[in-house]
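Below you'll find the structure, written out as structure tokens, and then a few comments.
Residue numbers (our numbering), protein chains in the order written: chain C, 1 to 111; chain X, 112 to 224.
Pasting the structure below:
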């Protein structure tokens with residue numbers, strides 16, 4: 001079974017702060033995704049990647065950068081965090097099937 | 112139904128009863144996936160139904176797909192306490208190969224104590 005881990009699990013920062021969320025998958029999947037989950041909106045795609053060095057824009061990319069350093073590691077960067085970015089963030093990976101495997105999530109609070 | 116401007120839907124029934132959740136989608140899709148998210152966890156795929164299928168079964172789960180009305184349903188027979196979760200449908204545009212998923216807002220399912 002695919003293993004996707006995220007760190008940190010919880011993060012509190014202040015407005016204007018710098019935050020990096022990390023995701024690692026250990027099943028050699030090509031695709032990795034970053035989502036945010038908010039009540040009333042479901043899951044929304046921020047950025048995704050199909051391999052090291054590749055980055056694709058999702059549906060809600062404003063205020064976020066991402067970088068895929070290796071096949072295993074995908075990072076989400078918030079360089080000037082705002083309260084509107086308070087959310088639950090999920091990373092997911094996908095291999096050759098349609099199924100996406102999700103990590104446990106990171107809860108981010110921007111004060 | 113999960114799509115459009117509806118808020119998160121909520122369903123509560125007695126344990127042992129059957130439940131059906133509905134989902135409508137806006138654009139053409141090659142597959143509909145149903146995911147379940149338990150409290151404090153990430154979503155996990157339950158069942159996938161392709162555009163050329165009308166029905167798919169897996170254990171106590173049954174998914175249907177009607178491409179003419181752009182709608183899908185997920186039924187659970189003989190509900191158990193372990194079925195308590197939020198259920199999402201997701202559609203995939205696979206033409207680009209990225210399998211970008213668009214998720215519905217979800218249906219929160221719980222049992223009446």
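Note that CB positions come from ideal geometry on N, CA and C, so glycine has one too. The structure presented is a predicted model; accordingly, all values stated were derived computationally and were not measured.
Excluding sequence positions up to five before and after residue 28 of chain C, its CB lies within less than 7 angstroms of the CB of 71, all in the same chain and listed in chain order. Listed in chain order, the positions of the region 182-213 of chain X with a beta carbon within less than 7 angstroms of a beta carbon of chain C are 199, 203, 209, 210, 211 and 212. Between residue 88 of chain C and residue 68 of chain C, the C-beta gap is not smaller than 7 angstroms, which leaves the two residues out of contact.
Nearest CB-CB separation between residue 130 of chain X and chain C: not below the 7 angstroms threshold. The closest CA to that of residue 165 of chain X, considering only X:143, X:147, X:127 and X:156, is found on X:143. At least one beta carbon of chain X lies nearer than 7 angstroms to the beta carbon of residue 98 of chain C. For residue 179 of chain X, the three-state secondary structure derived from DSSP is coil. Take the alpha-carbon of residue 154 of chain X and the one of residue 75 of chain C: they are about 20 angstroms apart. Interface annotation, residue 159 of chain X: in contact with chain C, CB-CB separation under 7 angstroms.
For residue 157 of chain X, the enclosing beta strand (DSSP E) begins and ends at 155-161.
By alpha-carbon distance to residue 213 of chain X, the top candidate from C:83, C:60, C:95 and C:10 is C:60.
Neighbours of residue 144 of chain X in chain C, taken as residues whose beta carbon is under 9 angstroms from its own, are 98, 99 and 100 in chain order.
Interface annotation for the region 37-49 of chain C against chain X: 37, 39, 40, 41, 42, 43, 44, 45 and 48, criterion Cβ-Cβ distance under 9 angstroms. Straight across, the Cα-Cα distance linking residue 174 of chain X with residue 196 of chain X is about 17 angstroms.
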